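Student: Numbered according to the working numbering, the sequence shown spans residues 172 to 283.
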Amino acid sequence: VKADKSKVKLTVADDLSKTTLEVLKEDGKTVVSRKVTSKDKSTTEAKFNEKGEVSEKTMTRANGTTLEYSQMTNEDNAAKAVETLKNGIKFEGKLVSGKTAVEIKESTVTLK
């Protein structure tokens, strides 16, 4: 229990393949944030709104690339997606029906 009366829950898989750290509201049921770390060093972090629905999600792969979703309406849809490669190059797009679509723009050429 933290000073603001929120609670923290740590779960480790039986086979030690992943750990999950959750911050819960005072009621102990509503999730505020969740971080899942896998054995391969990849992580998934999610933040939740007042209703307990996912609002932001960041996935960091073992190779260092990240995929960030914001302005999420539910688990499978986001108004904004940003893929960042290890070298800092960013691609922007959307998450629709669980599929990420990014655009690559160079001068007047747009690849989808």
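Glycine residues also receive a C-beta, built at the ideal position from the N, C-alpha and C atoms.
Keep in mind it's a predicted model, so treat the numbers as computed, not measured.
#1: Given a cut-off of 8 angstroms, decide if asparagine 248 and valine 273 are closer than it, judged by their beta-carbon atoms.
#2: Does the separation of the CB atoms of serine 177 and valine 203 fall below 8 angstroms?
#3: Is the beta carbon of glutamate 286 less than 8 angstroms from the beta carbon of methionine 243?
#4: What's the gap between the Cα of lysine 284 and the Cα of lysine 180?
#5: Can you tell me which of Lys212, Gly199 and Leu195 puts its alpha carbon nearest to the alpha carbon of leucine 187?
#6: On the CB-based measure, 16 or more other CB atoms within 10 Å of its CB, does leucine 195 come out buried or exposed?
Tutor: On the basis of the coordinates in this document:
#1: Taking the sequence shown and counting its residues from 1, one reaches residue 273 at position 102. Taking the sequence shown and counting its residues from 1, one reaches residue 248 at position 77. Against a cut-off of 8 angstroms, the Cβ pair of asparagine 248 and valine 273 comes out as no contact.
#2: Looking up residue 177 in the sequence shown gives position 6. Looking up residue 203 in the sequence shown gives position 32. It is a contact, given that the beta carbons lie within the stated cut-off.
#3: Residue 286 is absent from the structure shown; the chain starts at 172 and stops at 283.
#4: The requested residue 284 does not occur in the structure, where the chain is confined to residues 172 to 283.
#5: As a working mapping, residue 187 is identified with position 16 in the sequence shown. Checking every option, the nearest Cα to that of leucine 187 belongs to Lys212.
#6: On the sequence shown, position 24 is the one that residue 195 refers to. Buried, since its Cβ has 16 or more Cβ neighbours within 10 Å.
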